[in-house]
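Enquirer:
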Amino acid sequence: ETGVTQTPRHLVMGMTNKKSLKCEQHLGHNAMYWYKQSAKKPLELMFVYSLEERVENNSVPSRFSPECPNSSHLFLHLHTLQPEDSALYLCASSQERTGLTEAFFGQGTRLTVV
Amino acid sequence: AQKVTQAQTEISVVEKEDVTLDCVYETRDTTYYLFWYKQPPSGELVFLIRRNSFDEQNEISGRYSWNFQKSTSSFNFTITASQVVDSAVYFCALSEARSSGTYKYIFGTGTRLKVLA
Numbered sequence: 001e002t003g004v005t006q007t008p009r010h011l012v013m014g015m016t017n018k019k020s021l022k023c024e025q026h027l028g029h030n031a032m033y034w035y036k037q038s039a040k041k042p043l044e045l046m047f048v049y050s051l052e053e054r055v056e057n058n059s060v061p062s063r064f065s066p067e068c069p070n071s072s073h074l075f076l077h078l079h080t081l082q083p084e085d086s087a088l089y090l091c092a093s094s095q096e097r098t099g100l101t102e103a104f105f106g107q108g109t110r111l112t113v114v
Numbered sequence: 001a002q003k004v005t006q007a008q009t010e011i012s013v014v015e016k017e018d019v020t021l022d023c024v025y026e027t028r029d030t031t032y033y034l035f036w037y038k039q040p041p042s043g044e045l046v047f048l049i050r051r052n053s054f055d056e057q058n059e060i061s062g063r064y065s066w067n068f069q070k071s072t073s074s075f076n077f078t079i080t081a082s083q084v085v086d087s088a089v090y091f092c093a094l095s096e097a098r099s100s101g102t103y104k105y106i107f108g109t110g111t112r113l114k115v116l117a
């Protein structure tokens, strides 16, 4: 079982659809992250949750709505997206507050908005 | 401001050549961490190495080696005798503590390495 699992791996959705991305970590970490990776652009940090509390929201449009019900699960709810939102969405987790471990990443969800 | 610069967008080498990927960072903190990640075509970022700001000892792991120099704010990555399987995008990252006590990761734009057979 891999450390960080993301589902689905691929998603195609229309601009009026509502969908959710799921991330699950089996590493016992206390921090989880959503990143967006677009072609030819750096990794963009979207949201950070630490101990299930959102500690960072990097000016992400409200059409992206994160949810962290517990320390092992992280969701990204999507609605009324735009074609420019098409990207690879990566989830990561790390252990914080007692020092720092490296972040472990999932394989990502390749999202295409049509 | 914190920043990570990977000036090499893409590098192509022939198999068995050595290749060095450059990483330069900017930070005002005295305590920070540096990382290298590999992103193969499958998409996930694979952790390669972590270094804290107080440990400037260079490290070697098989064909991989890392050169950390605080004087030049650089953390370069060398692959010796490259192989086709090394083809991937490589990211350098910096992590600093936030006032909340949590950490923030800042990634470079990545260097795409192509190793040709």
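As you go down the protein sequences, you meet chains A and B in turn. Going by this note's numbering, the first residue of the first sequence is number 1, and it counts up by one from there. Going by this note's numbering, the first residue of the second sequence is number 1, and it counts up by one from there. The C-beta atom is built at its ideal place from N, Cα and C for all residues, glycine as well. These numbers come from a predicted model, not from an experiment.
1) Could you name the residues of chain B that A/Phe105 contacts, counting a contact when the two beta carbons are closer than 7 Å?
2) How about A/Leu88: is its C-beta nearer than 9 Å to some C-beta of chain B?
3) For A/Pro42, would you say it is in contact with chain B, using Cβ-to-Cβ distances shorter than 9 Å as the test?
4) Quick one: any contact between the segment 68–75 of chain A and the segment 1–16 of chain B, if contact means 3 or more CB pairs under 8 Å?
5) Could you give the DSSP three-state label for A/Glu96: helix, strand or coil?
6) What are the residues in the segment 48–69 of chain B lying within 7 Å of chain A by C-beta distance?
7) Relative to the C-alpha of A/Gln25, which residue among A/Val114, A/Glu84, A/Leu90 and A/Pro42 is closest?
8) Hey, how far is the Cα of B/Arg63 from the Cα of B/Leu21?
9) Excluding five sequence neighbours on each side, which residues of the same chain lie with their C-beta closer than 6 Å to the C-beta of B/Ser65?
10) Decide if the segment 83–96 of chain B is in contact with the segment 19–35 of chain B; the criterion is three or more beta carbon pairs, one per stretch, under 8 Å apart.
11) With distances taken Cα to Cα, identify the nearest neighbour of A/Gly14 among A/Val55, A/Gln6, A/Ser86 and A/Glu102.
Expert: In brief:
1) Position 105 of the first sequence, counted from the start, is the residue given in the question as residue 105 of chain A. Listed by position along chain B, the residues whose Cβ is nearer than 7 Å to that of A/Phe105 are Glu44 and Leu45.
2) For the purposes of this step, residue 88 of chain A is taken as the residue at position 88 of the first sequence. It does: the Cβ of A/Leu88 has a partner Cβ on chain B nearer than 9 Å.
3) Position 42 of the first sequence, counting from 1, holds the residue named residue 42 of chain A. Closer than 9 Å: yes.
4) no
5) Counting from 1 along the first sequence, the entry for residue 96 of chain A is found at position 96. In this structure, A/Glu96 counts as coil in the three-state DSSP scheme.
6) Arg50
7) Within the first sequence, residue 25 of chain A is the residue found at index 25, counting from 1. For A/Gln25, the nearest C-alpha among the options comes from A/Leu90.
8) As a position in the second sequence, residue 63 of chain B is number 63, starting the count at 1. As a position in the second sequence, residue 21 of chain B is number 21, starting the count at 1. Cα-Cα distance, rounded: 14 Å.
9) If you number the second sequence from 1, residue 65 of chain B lands on position 65. Correct list, in chain order: Thr78.
10) Result yes; three or more Cβ-Cβ pairs closer than 8 Å.
11) By 1-based counting over the first sequence, the position of residue 14 of chain A is 14. Of the listed residues, the one whose Cα sits closest to A/Gly14 is A/Ser86.
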